[in-house]
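Working notes for the structure below.
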Amino acid sequence: MEPTIKVALLGFGTVGSGVYQMLTENKSKITQKKQVDFEICKILVGNRTKHQAAIEKGVPITTDFSEILNDPTIQIVVEVMGSAETAREYIIHSLEAGKHVVTANKDALALYGDELTRVAKENNKNLFFEASVAGGIPIIRALTDSFIADSIQEVSGIINGTTNFIISRMSEEGESYEQALALAQEKGFAEADPTGDVEGLDAARKLIILVKLAFGYRMKLDDFPVSGITQLKQHDFDAAKHYGFTLKLIGSAKQLEEGFTARVGMYLVPLAHPLAMVKNEYNGVFVKGEAIGETMFYGPGAGSLPTANSVVADILAISDRIKWQQTESFLPLVSNDYSWHQAGTLVTDALVRVGDQEAVASLVSQKLNGEVSKYGADYMYLSNITEQQLEELEANERVEAIYRKL
Ligand SMILES: NC(=O)C1=CN([C@@H]2O[C@H](COP(=O)(O)OP(=O)(O)OC[C@H]3O[C@@H](n4cnc5c(N)ncnc54)[C@H](OP(=O)(O)O)[C@@H]3O)[C@@H](O)[C@H]2O)C=CC1
Ligand SMILES: N[C@@H](CC=O)C(=O)O
Numbered sequence: 078m079e080p081t082i083k084v085a086l087l088g089f090g091t092v093g094s095g096v097y098q099m100l101t102e103n104k105s106k107i108t109q110k111k112q113v114d115f116e117i118c119k120i121l122v123g124n125r126t127k128h129q130a131a132i133e134k135g136v137p138i139t140t141d142f143s144e145i146l147n148d149p150t151i152q153i154v155v156e157v158m159g160s161a162e163t164a165r166e167y168i169i170h171s172l173e174a175g176k177h178v179v180t181a182n183k184d185a186l187a188l189y190g191d192e193l194t195r196v197a198k199e200n201n202k203n204l205f206f207e208a209s210v211a212g213g214i215p216i217i218r219a220l221t222d223s224f225i226a227d228s229i230q231e232v233s234g235i236i237n238g239t240t241n242f243i244i245s246r247m248s249e250e251g252e253s254y255e256q257a258l259a260l261a262q263e264k265g266f267a268e269a270d271p272t273g274d275v276e277g278l279d280a281a282r283k284l285i286i287l288v289k290l291a292f293g294y295r296m297k298l299d300d301f302p303v304s305g306i307t308q309l310k311q312h313d314f315d316a317a318k319h320y321g322f323t324l325k326l327i328g329s330a331k332q333l334e335e336g337f338t339a340r341v342g343m344y345l346v347p348l349a350h351p352l353a354m355v356k357n358e359y360n361g362v363f364v365k366g367e368a369i370g371e372t373m374f375y376g377p378g379a380g381s382l383p384t385a386n387s388v389v390a391d392i393l394a395i396s397d398r399i400k401w402q403q404t405e406s407f408l409p410l411v412s413n414d415y416s417w418h419q420a421g422t423l424v425t426d427a428l429v430r431v432g433d434q435e436a437v438a439s440l441v442s443q444k445l446n447g448e449v450s451k452y453g454a455d456y457m458y459l460s461n462i463t464e465q466q467l468e469e470l471e472a473n474e475r476v477e478a479i480y481r482k483l
């Protein structure tokens, strides 16, 4: 008879239902491989009536968190509810009650990662979060295990599935922004409130986590520039293509000689760059290290089962630690206090969209160091322009959008 590990889920939406499905449908395979049996004994939801059909099938739904907290037989709590504040509270209570925690919640980790790590450490419990960045791609394990001895120079990625899905549908299917967003919501890729997706905040939260793991820097949301896809126009893709690029929402962090730089925004990605091939809800994370050189991680960045796969992998990793009675917590988010500053003197190329031809002419005649090429009535491509000049352009009310070269 295999030992049984009792698990509770906080949330039974897109991700929670996927975790339930994987742990129940693959039960015998997991037990055979891991020599451990899992029982999902409680699932917390907000609205019981929404889950009537599941309850009738015997799914152990509750709306009372204390039933989970006060059950000493539950060893692992899986937080897949979303939101930062309630999740933070429930994660802390669970760790303090002696339970290990798995979470997919980048909002809570980006805001409260230090605090949650400290509480986990104080209670000798594990806090795992593979699904919090790039859904089904095991990028957290790669950064915490595989690259631990290397010096990372760059982490740049398409780390939001919803926006990449919208961008792909707009550029390849000619769909409108609204149509594509509605479909992404229907498929369960978007957050409950998709504002964070389309305004780049979800990607920014994920970049905060990646930067902590890759470079050791602690960033906050207002420390670096963040923009999303809301300014995007269909015609921007044609202008980008004219210069040999596609447009992607990228979270990018680079350690350069000039300093450190981090940004989330729409970038011009050369058509031959591996990130240019990443389409729909798929994510790609490009990691460059001193020893490893260039590597690229690719896979589904959102969706029920791909994300559930990462969550279940964390549950299994914790069950190994329980089985081997490892008392030292695994805490990859553990804090260090490396300070950092945004490098200001970078030189790059950029595609700029302006309101009308007169505005183009006036901007082009301004003293710019680099070369300027015009495309149609509304675009100009600037070569060798400094970050400072781009920031000045950004402040000009005639400028509608600026797309930097990755
Ligand atoms: N969707 C995806 O592809 C991915 C999501 N994530 C993250 O995973 C988490 C879950 O996402 P997702 O499954 O899409 O979200 P959903 O909105 O689909 O599901 C959320 C679930 O949590 C429950 N819930 C929410 N708030 C509370 C509360 N205060 N008390 C009790 N139950 C609550 C909801 O209850 P009810 O059903 O009653 O409404 C629902 O069952 C989020 O942090 C998200 O960012 C990470 C990677 C990918
Ligand atoms: N809304 C997110 C879900 C996964 O993190 C996304 O679209 O990437």
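Numbering (this note's numbering), first residue to last: 78 to 483.
Don't be surprised by glycine CBs; every beta carbon is placed ideally from N, CA and C.
Enumerate in chain order the residues of its own chain whose CB-to-CB distance from residue i is below 7 Å, with the five nearest sequence positions on each side excluded.
i	result
A436	R475
S381	T91, V92, S94, G95 and G265
G321	P347 and L348
A25	The question about residue 25 has no answer here: the residues shown for the chain are numbered 78 through 483.
R218	E207
Quick one: what's got a C-beta closer than 8 Å to residue i's C-beta in the same chain, skipping five residues either side?
i	result
K356	N241, S245 and E249
D140	In the sequence under discussion, the amino acid at residue 140 is Thr, which differs from the Asp named in the question. For T140, where only same-chain residues beyond five positions count, the Cβ hits under 8 Å are L121, V122, G123, N124 and R125.
G159	G88, G90, N182, D184, E268 and A269
F224	A291, V364, G366 and I369
Give the secondary structure of residue i by DSSP, where H, G and I count as helix, E and B as strand, and everything else as coil.
i	result
F205	strand
A174	coil
Q109	helix
S223	helix
S375	Inspection of the sequence shows that residue 375 is occupied by Tyr rather than by Ser. Three-state DSSP puts Y375 in a strand.
M190	First, the amino acid is wrong: residue 190 is Gly here, not Met. Of the three classes helix, strand and coil, the one that applies to G190 here is helix, per DSSP.
D313	helix
G251	coil
K264	coil
F89	coil
D397	helix
A368	coil
S233	strand
A181	coil
D391	helix
Y480	strand
V196	helix
I168	helix
E471	helix
V122	coil
V96	helix
Taking the beta carbon of residue i as the centre, do at least 16 other beta carbons fall within 10 Å, making it buried, or is it exposed?
i	result
W401	exposed
L100	buried
N360	buried
M247	buried
T180	buried
M296	buried
D315	exposed
Y312	Tyr is not the amino acid found at residue 312; the sequence shown has His there. Exposed is the call here.
A130	exposed
A208	buried
K134	exposed
D222	exposed
E468	exposed
N386	buried
Within its chain, find whatever has a CB closer than 6 Å to the CB of residue i; leave out the 5 residues flanking it on each side and keep chain order.
i	result
G212	P377, G378, A379, P383 and T384
A368	D227
K279	For the record, residue 279 in the displayed sequence is Asp; it is not Lys. Answer for D279: N237 and G273, listed in chain order.
E336	According to the sequence displayed, residue 336 carries Gly and not Glu. Counting only Cβ-Cβ distances below 6 Å, and skipping sequence neighbours, we find H418 and A420.
D299	none
E371	K365
T422	E335
P302	R340
S171	V154 and V178
Name the residue from the options whose alpha carbon lies nearest to the alpha carbon of residue i.
i	options	result
I479	M158, T307, V362 and I229	T307
H319	I168, M457, I138 and Q256	M457
S406	K202, P137, E144 and L186	K202
D433	H418, I168 and K451	K451
V196	Y167, F224 and V210	Y167
I243	D315, L220 and L326	L326
E276	A174, L186 and M343	M343
A161	I132, L86, S143 and Y189	Y189
R398	I214, A259, L204 and S171	L204
Taking Cβ positions only, does residue i come closer than 8 Å to chain B?
i	result
G273	In the displayed structure, chain B is absent; only one protein chain is listed.
Taking 7 Å as the line, does the beta carbon of residue i fall inside it for any heavy atom of ligand 4?
i	result
G293	Ligands displayed in this structure: ligand 1 and ligand 2; ligand 4 is not among them.
Checklist entry - Could you give the uninterrupted runs of the alpha helix (DSSP H) lying entirely in the stretch 274-307, keeping only those of 4 residues or more? => result Within the stretch 274-307, the alpha helix (DSSP H) runs of at least 4 residues that lie entirely inside it are, in chain order, 278-292.
Item to check | Runs of beta strand (DSSP E) lying entirely within the stretch 327-364, each at least 3 residues, in chain order | outcome: 336-347
Item to check | alpha helix (DSSP H) runs wholly inside the stretch 124-161, at least 4 long, in chain order | outcome: 129-133 and 142-146
Checklist entry - Which full runs of the beta strand (DSSP E) of 3+ residues lie inside the stretch 402-468, going along the chain? => result 424-431, 449-452 and 456-463
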